[in-house]
Ligand code: NAP
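In structure tokens, the structure reads:
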């Protein structure tokens with residue numbers, strides 16, 4: 005019997021959603037309820053960034069604290085129950101100059117869609133220091149829930165002044181003996197409640213108007229200290245530490261669409 009392998013590796017839908025974070029699942033559930041028979045392609049990190057967080061207390065509808073991975077499991081099940089086809093694949097190429105639109109997945113599958121909903125989320129930003137790259141995985145991280153456990157009874161730094169920095173610092177106090185928040189200004193971008201929580205935590209202290217100039221250590225010892233630069237006076241000081249968590253925001257995962265749609 006003749007089998008058309010090419011056809012088997014092709015998926016067509018009126019609507020294809022790229023990404024499986026809350027935005028992707030929300031879009032998928034609404035598209036399914038509109039009888040559009042959507043396909044959702046999960047991407048490299050099924051469930052998105054909430055799968056690497058723990059306590060979620062600001063998602064409406066839950067009086068008690070819930071867990072990020074659990075919340076994403078529920079969204080996935082809800083989408084499947086409404087008829088969404090969830091596919092574990094990663095879109096690596098996209099052609100928007102053809103209609104219907106065409107995309108390719110890592111699995112070799114070709115996806116054809118009349119509409120695409122882009123829900124590709126974001127990934128952590130880095131400072132861009134040479135020494136930061138050198139110590140990634142050796143004391144430098146951007147995910148406290150992933151790597152915090154390695155810093156039991158150690159001193160860690162958290163860089164940033166937004167909600168992520170406050171949240172990461174507070175979370176790290178479960179393991180670390182001391183957490184120092186390094187912020188380039190004196191005012192915080194973070195919400196008041198998150199700042200208050202960090203300020204009232206006896207394990208957390210702050211160094212204002214400081215940026216990391218250099219990270220010091222060896223591959224054997226890991227991170228041992230940083231050289232901080234005062235943003236007002238340029239004065240350089242040393243701060244010892246065993247680990248550094250970057251929490252300076254995120255960049256959107258939109259490079260797939262560069263040159264095809266306007267990105268800001
Ligand atoms: P953010 O709000 O953009 O804050 C980034 C912080 O990093 C800012 O304080 C910024 O300093 C600093 N920064 C940026 N680039 C830097 C650099 N090169 N060197 C040193 N510092 C740098 O990002 P976020 O904290 O990840 O939060 C993103 C969004 O998620 C926000 O809307 C936030 O409310 C939300 N969020 C909410 C929760 C929660 O409610 N539980 C938790 C996490 C995140 P400046 O202030 O000087 O610009």
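In this note's numbering, the protein residues as written are 5 to 268.
From the three backbone atoms N, C-alpha and C, an ideal C-beta is built for every residue, glycine too.
Proximity below 8 Å, CB of residue 162 to CB of residue 169:
Taking 8 Å as the Cβ cut-off, residue 162 and residue 169 qualify as a contacting pair.
So the beta strand (DSSP E) residue 217 belongs to, where does it begin and stop?
That run of the beta strand (DSSP E) goes 214-222.
Residue 149 to residue 171, Cα distance in whole Å?
The straight-line gap from Cα to Cα measures roughly 10 Å.
Report the three-state DSSP secondary structure of residue 264 (helix, strand or coil).
Residue state, collapsed to three classes: coil.
Under 8 Å, with one C-beta from each stretch per pair, do the region 211-229 and the region 186-194 reach the 3-pair mark?
Between the region 211-229 and the region 186-194, the count of C-beta pairs closer than 8 Å reaches three or more; the two stretches touch.
Alpha carbon to alpha carbon, what distance is there between residue 102 and residue 118?
Spanning the two alpha carbons is a distance of roughly 10 Å.
Boundaries of the alpha helix (DSSP H) in which residue 98 is found, first to last residue
If you look at residue 98, you'll find it isn't in any alpha helix (DSSP H); it sits in the beta strand (DSSP E) that goes 95-99.
Considering just the uninterrupted stretch of the beta strand (DSSP E) at residue 210, what are its terminal residues?
208-211 is the extent of the beta strand (DSSP E) around residue 210.
Quick check on the contact list: which residues have their beta carbon closer than 7 Å to a heavy atom of ligand 1?
Residues flagged by the Cβ proximity filter: 62, 129, 131, 163, 164, 165, 166, 167, 168, 169, 171, 187, 188, 189, 192, 193, 194, 195, 198, 215, 251, 252, 253, 254.
Outcome for residue 79 when other beta-carbon atoms lying within 10 angstroms are tallied against a minimum of 16:
Burial call: buried.
Count the other CB atoms, across all protein chains shown, that sit within 10 Å of the CB of residue 255; report buried if there are 16 or more and exposed otherwise.
Residue 255 is exposed by the Cβ-count criterion.
Please return the same chain residues whose Cβ sits closer than 8 Å to the Cβ of residue 227, not counting the five positions on each side in sequence.
Only residues of its own chain outside the window of five on either side were considered, and among them 139, 142, 143, 144, 219, 220, 221, 245, 246, 247, 248 have a CB closer than 8 Å to the CB of residue 227, listed in chain order.
Please look up how many angstroms separate the CB atoms of residue 129 and residue 252, rounded, as I've assumed it's under 8 Å.
For a cut-off of 8 Å, the C-beta gap from residue 129 to residue 252 is around 5 Å, short enough to register as a contact.
Name the residue from 19, 23, 48 whose alpha carbon lies nearest to the alpha carbon of residue 39.
Comparing Cα-Cα distances from residue 39 to each of 19, 23, 48, the minimum goes to 19.
Evaluate residue 182 with the Cβ neighbour count: other Cβ atoms within 10 Å of its Cβ, from every protein chain shown; 16 or more gives buried, anything less gives exposed.
Residue 182 should be labelled buried.
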